[in-house]
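Below is one structure, written out as structure tokens, with a few remarks after it.
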Amino acid sequence: MTTRIDRRFAALKSEGRTALATFLMAGDPDQAASLAIVKALPAAGADVIELGMPFTDPMADGPAIQAAGLRALNAGQTMIKTLSLVREFRKSDDATPIVLMGYYNPIYIYGVDKFLIDAKAAGVDGLIIVDLPRRKTKSCVFRR
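For the sequence shown, numbering that gives the first Met the number 0 begins at 0 and goes up steadily by one.
Printed below as a string of structure tokens:
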């Protein structure tokens with residue numbers, strides 16, 4: 000069974016081009032605006048969308064991503080709203096891969112098993128969790 004990520008990279012390979020992967024912090028500047036931006040990214044050329052999960056202590060990120068995360072949190076962004084954003088995006092786009100990027104703590108607080116089930120159900124295709132210890136780090140691509 001192939002994933003959206005598999006299909007996208009196979010298509011890119013057959014077209015002889017590299018991927019344009021874009022990043023957006025979920026909820027920045029607010030939920031409605033970030034949803035509108037995410038929906039516009041594929042038409043603007045994005046092949047893969049990396050969607051940031053805001054966190055209060057983003058120690059591995061630079062100032063721009065830290066500021067985006069704080070703006071999103073101040074606007075009321077939560078993990079539930081981030082997954083809702085993905086679900087809303089999937090209503091109009093079932094082809095563009097979405098990879099969530101962030102920190103383990105919000106996933107831990109949400110509940111790891113619940114998060115994985117809910118993320119897959121929302122239409123998330125993969126995860127980048129930047130602060131997992133090496134022995135716990137695994138590639139996570141959701142198989143459909």
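Built from N, CA and C at the ideal position, the CB exists for glycine as well. Bear in mind the structure is a predicted one, so any value in this text is a computation, not a measurement.
Below 8 Å, too few C-beta pairs join the segment 61–74 and the segment 110–124 to call them touching: fewer than three. Contact between the segment 118–130 and the segment 26–37 is absent, with fewer than three C-beta pairs closer than 8 Å.
Taking the CA atoms as reference points, K38 sits about 23 Å from T1.
Between the alpha carbons of I4 and K90 lies a distance of about 18 Å. Per DSSP, the unbroken beta strand (DSSP E) holding T21 starts and ends at 20–24.
Relative to P28, the option among P53, G15, E14 whose CA is nearest is P53. Within the DSSP bridge table, the entry for V98 names E49, G125 as partners.
DSSP, reduced to helix, strand and coil, places L40 outside both helices and strands of the structure shown, so it counts as coil.
G26 has its alpha-carbon roughly 21 Å from the corresponding atom of D130.
In this structure, DSSP gives M78 a helical state, which the three-state scheme calls helix. Contact between F22 and G44 fails: their C-beta atoms lie close to 14 Å from each other, not under 8 Å.
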